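The structure under discussion appears below in the form of structure tokens.
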Amino acid sequence: MAFLFELSESVNPFQGLIVLSVTILILSLFAVSKNKVIKKCLTALVLFSTAAAFLLNIHSYALCGNFSGFLIFFGSVQMLEIGIIIFSAVNVLFFITMNRKTEGNFVKELILFVFMLICAEFIVISSNFLLMFTSLSIFILTVFQLVSTLNSSSGEMVTHILRFILRPTLTVIFFFSGFSMLYGAQDFKNFSQVLESGDLSNPFISISLILFGIALFLYFFLFPLQGPYIKMIKRGSSASNAVIWFLYFPVGFFLFLKLGSLYSYFIEENNIYYSAILAVAALGFMLAGNIGAVSTKSLRRMKSFLFLFFISAFLFNISMYSAGIINKGSMGLFNFLNILIILFSFMPLYGIFSSIEEDKGKDSLVSIRGLGRNNIYAGINIVIIFLSWSGLIYYLKPFMNFFNGGNFLDMGVIGIALLIFFLICFVFLAINVLRILICIYKKASGGADGEKQEKILFPKFLYVYITFFSIVIIVTPVVYLLGRMGIDIAFIDFCISEFSF
Numbered sequence: 055m056a057f058l059f060e061l062s063e064s065v066n067p068f069q070g071l072i073v074l075s076v077t078i079l080i081l082s083l084f085a086v087s088k089n090k091v092i093k094k095c096l097t098a099l100v101l102f103s104t105a106a107a108f109l110l111n112i113h114s115y116a117l118c119g120n121f122s123g124f125l126i127f128f129g130s131v132q133m134l135e136i137g138i139i140i141f142s143a144v145n146v147l148f149f150i151t152m153n154r155k156t157e158g159n160f161v162k163e164l165i166l167f168v169f170m171l172i173c174a175e176f177i178v179i180s181s182n183f184l185l186m187f188t189s190l191s192i193f194i195l196t197v198f199q200l201v202s203t204l205n206s207s208s209g210e211m212v213t214h215i216l217r218f219i220l221r222p223t224l225t226v227i228f229f230f231s232g233f234s235m236l237y238g239a240q241d242f243k244n245f246s247q248v249l250e251s252g253d254l255s256n257p258f259i260s261i262s263l264i265l266f267g268i269a270l271f272l273y274f275f276l277f278p279l280q281g282p283y284i285k286m287i288k289r290g291s292s293a294s295n296a297v298i299w300f301l302y303f304p305v306g307f308f309l310f311l312k313l314g315s316l317y318s319y320f321i322e323e324n325n326i327y328y329s330a331i332l333a334v335a336a337l338g339f340m341l342a343g344n345i346g347a348v349s350t351k352s353l354r355r356m357k358s359f360l361f362l363f364f365i366s367a368f369l370f371n372i373s374m375y376s377a378g379i380i381n382k383g384s385m386g387l388f389n390f391l392n393i394l395i396i397l398f399s400f401m402p403l404y405g406i407f408s409s410i411e412e413d414k415g416k417d418s419l420v421s422i423r424g425l426g427r428n429n430i431y432a433g434i435n436i437v438i439i440f441l442s443w444s445g446l447i448y449y450l451k452p453f454m455n456f457f458n459g460g461n462f463l464d465m466g467v468i469g470i471a472l473l474i475f476f477l478i479c480f481v482f483l484a485i486n487v488l489r490i491l492i493c494i495y496k497k498a499s500g501g502a503d504g505e506k507q508e509k510i511l512f513p514k515f516l517y518v519y520i521t522f523f524s525i526v527i528i529v530t531p532v533v534y535l536l537g538r539m540g541i542d543i544a545f546i547d548f549c550i551s552e553f554s555f
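Mapping of the sequence shown onto the numbering used here: residues 55 to 555, in sequence order.
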């Protein structure tokens with residue numbers, strides 16, 4: 055037992071990665087198996103290994119705290135980010151299993167899935183440019199392989215997948231160029247060395263940041279480059295779309311946060327023109343996402359455009375920081391809350407709408423008409439999930455500080471413009487939500503008055519799934535209100551109500 059304890063210390067923070075690697079080895083032994091019992095056992099193995107990786111991730115940090123080496127850094131932020139990625143991965147596994155368990159390639163898909171999860175974890179903990187670039191390159195390649203395999207039955211998807219993967223490939227190229235610039239500037243091997251050097255005025259560093267910005271712009275398919283993403287999502291299988299939404303994009307979020315310290319330094323030194331450019335870009339992307347959702351009747355396209363709206367909110371957070379509306383800590387908090395809102399709202403919505411689409415055989419708002427009437431429980435949960443988006447009103451709090459005892463003019467021209475255009479974007483978001491809710495509670499087409507509509511049924515586990523997210527959404531504001539009232543919650547160390555701007 056002492057030997058195992060010493061071993062657990064020596065491999066920190068690779069314990070979870072080792073468990074996942076062993077799982078790949080076991081899966082590879084049954085890669086060509088089509089036996090249903092074996093498939094179920096292997097699915098259970100993957101679920102068990104991800105749960106073990108999640109617990110070992112927390113255990114590693116609790117046991118040894120921050121861990122740094124030549125290639126990696128593992129601290130509280132990395133522990134949290136890996137936890138979110140594993141949580142997302144479990145949900146993706148659920149969608150893959152629900153849609154693909156009868157397919158002949160299912161075991162191979164599990165292998166690719168676990169391998170992609172390992173690459174995602176390496177991206178999070180990597181600090182050295184070499185490991186970061188290698189992990190990102192293999193991650194993008196694995197995403198391509200998994201998405202292609204999940205859509206292997208559709209020959210028409212080849213073109214759309216290739217057009218989609220071209221952007222992430224360019225992302226890798228731009229990141230490589232940016233890393234080369236930093237290495238060429240002063241032999242920098244990680245971002246910490248760049249910050250500690252004090253030579254941030256070096257033009258090579260500025261150019262590298264521009265390259266990183268272009269890379270992230272391509273990675274997230276922001277307006278006007280959303281075409282390949284939208285087309286692939288509209289035509290791809292539900293399982294492959296879950297991979298893109300809940301693994302590909304979250305990894306991009308954390309890659310973006312890795313660059314946060316460098317961008318923060320330059321934002322603090324920025325003049326009004328840089329702040330204005332950030333503000334225009336952020337609001338333009340957010341508005342484009344909302345307008346795209348308003349202009350379509352395709353449920354998949356609508357969800358995709360709204361997803362891009364929430365991604366653009368990350369840039370909006372930087373804009374507020376650049377304009378002096380919030381401080382650096384608040385920007386980090388808003389980024390983190392934005393990730394949680396995305397995951398805890400889009401995951402259950404994705405489960406509900408993809409199940410309806412598979413049952414009805416069509417991708418249209420018409421397919422969900424009457425859902426709230428003939429499946430009251432599902433309708434209530436959808437309302438609860440959409441109510442979580444009202445949490446974006448919290449963005450208004452730092453602006454309101456200028457109205458509560460402050461000077462409105464101190465907000466500045468850019469700050470006032472941010473407030474006005476954010477309200478416009480929020481109104482558009484409310485219109486999109488109301489459009490979906492009205493459709494859900496509208497009488498189903500073809501049904502005569504008094505005629506009872508056939509209930510839209512879901513797999514039993516899906517009811518449990520959406521209930522979990524609804525409970526989390528309900529409990530979160532309750533905890534917040536208790537914090538505001540000064541009531542201590544013993545098992546929660548952090549209270550958002552105590553955060554200041």
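Glycine included, every Cβ here is placed at the ideal spot set by N, Cα and C. Source: prediction; values computed, not measured.
Going by C-alpha distance, which of the options is nearest residue i?
i	options	result
Val100	Asn89, Pro67, Val161, Leu110	Val161
Asn435	Thr225, Ile215, Tyr519, Phe127	Tyr519
Pro452	Leu81, Ile380, Ile527	Ile380
Leu472	Ile268, Ser246, Ser329	Ser329
Gln280	Ser181, Ile510, Leu362	Leu362
Phe480	Phe141, Phe370, Ser294	Phe370
Thr112	Phe128, Leu265, Ala347	A small correction: the amino acid at residue 112 is Ile; Thr does not occupy that position in the sequence shown. Per the Cα distances, Phe128.
Lys312	Asn389, Leu200, Leu224, Phe475	Asn389
Phe230	Leu190, Gln240, Pro282	Leu190
Gly238	Gly290, Pro278, Phe176, Phe183	Phe183
Val420	Lys93, Pro513, Met356	Met356
Trp299	Asn344, Val226, Lys94, Gly405	Gly405
Thr213	Ser202, Thr223, Phe456	Ser202
Asn429	Phe512, Ser262, Phe482, Val533	Phe512
Ser122	Tyr534, Phe364, Phe515, Ser246	Ser246
Phe75	Phe84, Ile92, Phe124, Val168	First, the residue type needs correcting, since residue 75 is Ser and not Phe in the sequence shown. Checking every option, the nearest Cα to that of Ser75 belongs to Val168.
Thr521	Val437, Tyr448, Gly445	Val437
Thr104	Val178, Thr223, Val73	Val73
Phe102	Ser294, Val144, Val86	Val144
Gly343	Phe310, Ser294, Leu276, Tyr375	Leu276
Leu270	Ser366, Glu210, Gly338	Ser366
Ile331	Val297, Ser376, Leu387	Ser376
Ile345	Arg489, Thr223, Asp241	Arg489
Per the DSSP calculation, residue i is bridged to which residue(s)?
i	result
Ser122	Phe127
Ser180	Ile126
Please go through the same chain and pick out, in chain order, the residues whose beta-carbon is closer than 6 Å to the beta-carbon of residue i, but skip the five residues on each side of it.
i	result
Val197	Tyr302
Arg221	Leu272
Leu265	Phe228, Ser231, Gly232
Who are the near neighbours of residue i in its chain, counting only those whose CB is closer than 8 Å to its CB and skipping five residues on each side?
i	result
Leu97	In the sequence on display, residue 97 carries Thr and not Leu. Once the five neighbours on either side are set aside, the close Cβ partners of Thr97 are Leu147, Thr151, Lys155, Leu164.
Gly137	Phe108, Asn111, Ile112
Gly378	Gly466, Gly469
Leu341	Phe475, Ile478, Cys479, Phe482
Ile177	Met186, Ser189, Leu190, Phe193, Val305, Phe308, Leu309
Phe243	Residue 243 is actually Lys in this sequence, not Phe. Counting only Cβ-Cβ distances below 8 Å, and skipping sequence neighbours, we find Asn182, Phe183, Leu184, Tyr237.
On the premise that residue j lies in contact with residue i, defined as a C-beta separation below 8 Å, what is that separation, rounded to the nearest angstrom?
i	j	result
Gly306	Tyr273	5 Å
Asn153	Ser358	Actually they are not in contact, since the Cβ atoms of Asn153 and Ser358 sit about 18 Å apart, beyond 8 Å.
Ile410	Ile510	6 Å
Ile439	Leu397	About 12 Å separates the two Cβ atoms, so there is no contact after all.
Ser418	Ser352	6 Å
Ile395	Ser442	6 Å
Pro304	Ser142	5 Å
Ser384	Ala336	Rounded, the Cβ-Cβ distance is 16 Å, inconsistent with contact.
Ser315	Leu249	6 Å
Grab me the residues of residue i's own chain with a C-beta within less than 7 Å of its C-beta, minus the 5 sequence neighbours each way, in chain order.
i	result
Phe400	Trp299, Phe361
Val131	none
Val348	Phe482, Ile485, Asn486
Asn159	Thr203, Ser206
Val226	Leu190, Ser191, Ile194
Phe218	Pro282, Tyr283, Met286
Ser294	Val201, Leu204, Asn205
Ala85	Val161, Lys162, Ile165
Met133	Asn111, Ile112, Tyr115
Ser180	Leu125, Ile126, Met186, Ser189
Spell out whether any CB of chain D is found under 8 Å from the CB atom of residue i.
i	result
Tyr449	The structure shown contains no chain D, having only a single protein chain.
**Item:** Complete alpha helix (DSSP H) runs within the segment 69-142 (minimum length 4 residues, chain order)
**Value:** 69-82, 90-118
**Segments assigned alpha helix (DSSP H), at least 4 residues, entirely inside the segment 302-382** = 303-312, 314-322, 326-348, 353-376
**Item:** Whole alpha helix (DSSP H) elements within the segment 377-448, 4-residue minimum
**Value:** 382-414, 425-428, 430-441
**Request:** Would you list, in sequence order, the uninterrupted alpha helix (DSSP H) runs of no fewer than 4 residues that lie entirely inside the segment 153-233?
**Result:** 160-179, 183-204
**Item:** Secondary structure, beta strand (DSSP E): runs of 3+ residues fully inside the segment 251-296
**Value:** none
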